[in-house]
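Enquirer:
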Amino acid sequence: MSITRTARRTRAKMTVSIAALAAGSLILTACSGSSGSASKLDGTYYVKDVNGTSDLGQLVVKGNSVSHHEYSCDGVYEKPGVTSTGEFNKDQSQIIWTVAGDDSRNKRTGSESISTSTTSISISGSAYVRDNSDAGKALLDGFKTKCGK
Numbered sequence: 018m019s020i021t022r023t024a025r026r027t028r029a030k031m032t033v034s035i036a037a038l039a040a041g042s043l044i045l046t047a048c049s050g051s052s053g054s055a056s057k058l059d060g061t062y063y064v065k066d067v068n069g070t071s072d073l074g075q076l077v078v079k080g081n082s083v084s085h086h087e088y089s090c091d092g093v094y095e096k097p098g099v100t101s102t103g104e105f106n107k108d109q110s111q112i113i114w115t116v117a118g119d120d121s122r123n124k125r126t127g128s129e130s131i132s133t134s135t136t137s138i139s140i141s142g143s144a145y146v147r148d149n150s151d152a153g154k155a156l157l158d159g160f161k162t163k164c165g166k
């Protein structure tokens with residue numbers, strides 16, 4: 018009989034341990050600091066005409082990192098005329114620019130207020146539309162047509 022009692026106690030302890038591990042894992046998963054809302058924004062966005070200095074603006078979001086590229090109809094779509102990089106602040110209400118492009122026309126310095134939706138990111142009043150949205154596809158097609166690409 019003592020073997021049976023020992024086996025039952027061992028199984029009971031194992032069950033309690035497994036339950037505690039499962040609960041702990043669930044709590045850690047729920048409380049982990051992830052960039053969940055940032056990853057929802059991941060992707061490429063476009064805007065027509067950036068500050069009158071280029072024909073197409075491209076915003077690329079990956080996690081909390083942001084890069085901004087400006088393209089002109091100069092026959093070199095593959096290489097942007099101006100590139101800036103930055104990151105979202107904690108509540109994702111601003112982009113903090115960390116590296117400004119070399120071009121003196123670049124206005125991406127300091128921080129800029131943003132607002133977001135499922136299909137766009139607005140930066141200081143300019144709406145950048147997601148590349149796979151109808152508006153994004155039309156904007157990119159228009160740029161390619163205008164520039165003969």
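Just so you know, we're using my numbering here: the sequence shown kicks off at 18 and counts up by one.
Where a beta carbon is used, it is the ideal one built from N, C-alpha and C, also for glycine.
Remember, predicted model here, so these are calculated numbers, not experimental data.
1) Using DSSP's beta-bridge definition, name the partner residues of ALA144.
2) List the endpoints of the continuous alpha helix (DSSP H) containing ASP151.
3) Our contact map puts THR61 next to ASP148 with C-beta atoms below 8 Å; I'd like the distance itself, whole angstroms only.
4) Among residues of its own chain, excluding the 5 on either side of ALA47, which ones have a beta-carbon nearer than 8 Å to its beta-carbon?
5) Just to confirm before moving on: does the CB-CB distance between CYS164 and ASP66 stay below 8 Å?
6) Mind checking whether THR102 and SER84 have CB atoms under 8 Å apart?
7) On the DSSP letters alone, give me the boundaries of the beta strand (DSSP E) that SER132 sits inside.
8) Could you tell me the distance, in whole angstroms, from the CA atom of SER134 to the CA atom of ASP59?
9) Where do the N-terminal and C-terminal ends of the beta strand (DSSP E) with SER84 fall, by residue?
10) Since ASP72 is in the beta strand (DSSP E), which residue starts that stretch and which ends it?
11) DSSP three-state call for LYS65: helix, strand or coil?
12) Using C-beta distances below 8 Å, list every residue in its chain close to LYS154, excluding the 5 sequence neighbours before and after it, in chain order.
13) Please report the residue range of the beta strand (DSSP E) in which SER101 lies.
14) At the level of alpha carbons, what is the spacing between ILE138 and LYS79?
Expert: The answer reads as follows:
1) SER139
2) 151-163
3) 4 Å
4) Low confidence applies here, because ALA47 scores a pLDDT of 37, under 50, leaving its location unreliable and the question unanswered by this model.
5) no
6) yes
7) 128-133
8) 12 Å
9) 82-88
10) 71-79
11) strand
12) ASP148
13) 99-105
14) 13 Å
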